[in-house]
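Presented below is the structure to which this report refers.
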Amino acid sequence: MSADVILERKRNFHTILLEKTIDYHNEFLLSLEPPILLEKTIDYHNEFLLSLEPPMNIPKDKLKRWHPEFNLESVPDIEETPLPQAPEEQKLTTGKEVLEKAKSLFNCNTRMEEALARLKDVKTNDVATETISSQPSSLFKGIPKCLLEKVRQKQAAKALQSMTRSTVKEKEAQLYGRLPEIARLTRNLFVAERKNVLHLDVVLEKLSNSFSSFLTKDDMENHLKTISKEVPGWLDFHNIRGNTYMKISKNADLSLVLTKLNSLAKEKLS
1 MSADVILERK RNFHTILLEK TIDYHNEFLL SLEPPILLEK TIDYHNEFLL
51 SLEPPMNIPK DKLKRWHPEF NLESVPDIEE TPLPQAPEEQ KLTTGKEVLE
101 KAKSLFNCNT RMEEALARLK DVKTNDVATE TISSQPSSLF KGIPKCLLEK
151 VRQKQAAKAL QSMTRSTVKE KEAQLYGRLP EIARLTRNLF VAERKNVLHL
201 DVVLEKLSNS FSSFLTKDDM ENHLKTISKE VPGWLDFHNI RGNTYMKISK
251 NADLSLVLTK LNSLAKEKLS
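The sequence shown: position 65 = 65 (UniProt numbering), numbered continuously.
Here it is as structure tokens:
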């Protein structure tokens, strides 16, 4: 195995590990009571979903992952607020001091004024955003509106499925998405070896080295068993005297096998 292949596999492993860690971390945060800090991020995420075309509204208890286009880095930092000062005993000796104290307590509320000012700015920005978004983009000039609407609805449906799919369903969809490539590599391996029966360990070793993403041997075996289950008669497992062998039907049409596996992968994503 060359150094480039090893480096590429390390990169793929790091990427997959990071994605899985983020998913598990998000699930952990959502399981907390109350769901610290993440609650505010979910609010920003909901605002982003409502700004899409068409708008999307997902209940918080159904949300499993972020929208693919939602940028977590764009979420504002938590506003820092100074700690309250220790109360100071103030002795009022004259009527003038009493009047000034009462005025400071009841006549002005700086926090309320700041909140109202921020609300006014937000409304102004919303109006400006609506004005900009109402102008048709030059990129879509000449494309029928009905076609654009159909594409947007399809993208929204796909994003909705991705955000609400459970972890078990997501893992299953990822597994089935790998099956066509693994089936093609398996067929090529048997053709290269000029055999229709190979020891399982040999198959796992060679497939793990040639597959585009990092998979352990146990994971690869699980994928092969899934192929054997979904396409009976094409790839079979045989246990002989404590050793496991794989047998492939060389006369089978590989294109039909790949068509079926691709169809199953699409079903799992829907």
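Cβ coordinates follow ideal geometry from the N, Cα and C atoms, glycine included.
Computed from a predicted model, the values in this text were never measured in an experiment.
Closest residue to Leu52 among Gln85, Val151, Glu73, Arg241 (Cα-Cα distance): Val151
At least 3 beta-carbon pairs within less than 8 Å: the stretch 18-28 vs the stretch 41-58: no
Buried/exposed call for Glu19, threshold 16 Cβ in 10 Å: exposed
Cβ shell of Pro136 (< 6 Å), same chain only, five flanking positions each side left out: For Pro136, the pLDDT reaches just 49, beneath the cut-off of 50, and the residue's location in the model is therefore unreliable, although a value from the coordinates is still provided. Around Pro136: no qualifying Cβ.
Backbone CA spacing between residue 274 and Asn243 [nearest angstrom]: Outside the displayed span of the chain (1 to 270) sits residue 274, for which this structure offers no information.
C-alpha distance - Gln155 paired with Asn251, whole-angstrom precision: About 40 Å.
Touching by the beta-carbon criterion (3+ pairs, under 8 Å), the stretch 168-179 and the stretch 67-76: No, because fewer than three Cβ pairs between the stretch 168-179 and the stretch 67-76 fall closer than 8 Å, the two stretches do not touch.
Proximal residues to Gly233 (C-beta, below 8 Å), its chain only, five neighbours per side dropped: Ser249, Ala252
Local Cβ density within 10 Å of Leu147, reported as buried at 16 or more and exposed below that: exposed
For Ile143, the three-state DSSP class (helix, strand or coil): If DSSP states are grouped into helix, strand and coil, Ile143 belongs with coil.
Alpha-carbon to alpha-carbon, Asp218 and Asn209: 14 Å
Endpoints, the beta strand (DSSP E) within which Phe237 is located: Counted as a single uninterrupted DSSP element, the beta strand (DSSP E) harbouring Phe237 occupies residues 235-240.
Span separating the alpha-carbon of Asn57 from that of Glu230: 36 Å
Residue range of the unbroken beta strand (DSSP E) whose run includes residue 300: Beyond the ends of the chain as shown, which are 1 and 270, falls residue 300; an answer cannot be given.
Proximity of Asn12 and Ser263 at Cβ, strictly below 7 Å: Cβ atoms of Asn12 and Ser263: not closer than 7 Å.
Beta-carbon proximity check, residue 273 vs Lys247, cutoff 7 Å: Because the chain spans 1 through 270 in this model, residue 273 falls outside it and cannot be assessed.
Same chain, Cβ closer than 7 Å to Leu204, five either side skipped, listed in chain order: Lys217, Met220, Glu221
Host alpha helix (DSSP H) of Thr226 (start-end): 217-230
8 Å CB neighbourhood of Lys206 in its chain, flanking five on each side removed: Leu189
Nearest-angstrom beta carbon gap, Gln153 and Pro54 [assumed within contact, 8 Å]: 6 Å
Separation of Thr167 from Lys60, as counted between CA atoms: 16 Å
Three-state secondary structure (DSSP) of Asn243: Three-state result, Asn243: strand.
Where Arg194 falls, given that 16 or more other Cβ within 10 Å makes a residue buried: exposed
Distance, Val5 Cα to His14 Cα: Those two C-alpha atoms are separated by around 14 Å.
Other residues of its chain near Val191: CB distance less than 7 Å, five sequence neighbours each side excluded: none
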